[in-house]
Amino acid sequence: FAMASSSSSSKKEEEKALKEALRALAQGDAASAADLCVGFLKTKEGRDNPDALIYLGKSQFLLNEGRKAIKAYKEATRFEEEGSLRAWKGIVEASSILPSSSDSSSVVSVVAEAFQNVLSSLSHHHAKWYSLLESFWSFLERARAPEDLVREARRAAVVKTDL
Numbered sequence: 001f002a003m004a005s006s007s008s009s010s011k012k013e014e015e016k017a018l019k020e021a022l023r024a025l026a027q028g029d030a031a032s033a034a035d036l037c038v039g040f041l042k043t044k045e046g047r048d049n050p051d052a053l054i055y056l057g058k059s060q061f062l063l064n065e066g067r068k069a070i071k072a073y074k075e076a077t078r079f080e081e082e083g084s085l086r087a088w089k090g091i092v093e094a095s096s097i098l099p100s101s102s103d104s105s106s107v108v109s110v111v112a113e114a115f116q117n118v119l120s121s122l123s124h125h126h127a128k129w130y131s132l133l134e135s136f137w138s139f140l141e142r143a144r145a146p147e148d149l150v151r152e153a154r155r156a157a158v159v160k161t162d163l
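In full-length UniProt numbering, the protein residues as written are 1 to 163.
So this is what it looks like as structure tokens:
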């Protein structure tokens, strides 16, 4: 019984921390939301929490920190299908504020890894699969991704869709 109570209280702490971060986001206080998410992710209960990672990504996006947002969202793509899709949507959004610089290779590799995570969470029959693929191609174009990475992404898409 004591373990069930402990588990219940940690679940309540988790919900409280996430509600505080969401409240800060809703009030337009992205810096506080980011701090709350980082603090929560450092706890035992918060470690690897996809919602906290997604809120952190959104906070970073609102702070105009595209690279940091993409990294947080990428971590969230490691989880179940729903979290993975929410995280991908955030990546597409965050990639729109990245400065167009020649140093995009690190971001491209992070996004490519995130895309592979999303692909592995979906079947090729998933309704959103093709729109995800289109958004990935669009990102690669905007980021002026290296040709070998584009070829590798196309090959992965062909394997995934059995084309």
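Idealized CB from N, CA, C, for every residue including glycine.
Cβ separation of residue i and residue j, assumed to be a contact under 8 Å, to the nearest whole Å
i    : j    : result
A21  : A33  : 5 Å
F61  : A114 : Not really, about 14 Å apart at Cβ, beyond 8 Å.
L41  : A30  : With 8 Å as the limit, L41 and A30 do not qualify as a contact, their Cβ atoms being about 16 Å apart.
V110 : W88  : With 8 Å as the limit, V110 and W88 do not qualify as a contact, their Cβ atoms being about 13 Å apart.
Residue of the options minimising C-alpha distance to residue i
i           : options               : result
residue 247 : P146, A153, A145      : In the structure as shown, the chain begins at 1 and stops at 163. Residue 247 is therefore absent and cannot be evaluated.
P146        : K11, D35, S104        : S104
R67         : P99, F40, T77         : P99
A69         : E81, T77, L56         : L56
S9          : W129, R86, E45        : E45
V107        : E65, R151, L122       : E65
I97         : E13, G28, S135, L63   : L63
K58         : N49, I91, K11, R144   : I91
A24         : D35, E15, E14         : D35
W129        : A143, E141, L85, S138 : L85
K71         : S135, I54, R47, F79   : I54
Buried versus exposed, by CB contacts within 10 Å (16 or more), residue i
i           : result
residue 180 : For the chain, the structure presents residues 1 to 163; residue 180 sits outside this window and is missing.
Y73         : buried
G83         : buried
residue 175 : Lying outside 1 to 163, the shown extent of the chain, residue 175 is not represented and no answer is given.
S102        : In this prediction, S102 scores a pLDDT of 48, lower than 50, which makes its location untrustworthy; the coordinate-derived value is nonetheless stated afterwards. So S102 ends up on the exposed side.
R151        : exposed
R155        : exposed
K12         : exposed
A26         : exposed
A127        : exposed
Residue i - containing alpha helix (DSSP H), residue span
i   : result
F40 : 30 to 41
L62 : 50 to 62
R67 : 66 to 76
Quiz prompt | Every unbroken alpha helix (DSSP H) inside the stretch 89 to 143 [4 residues or more] | solution = 105 to 121, 129 to 142
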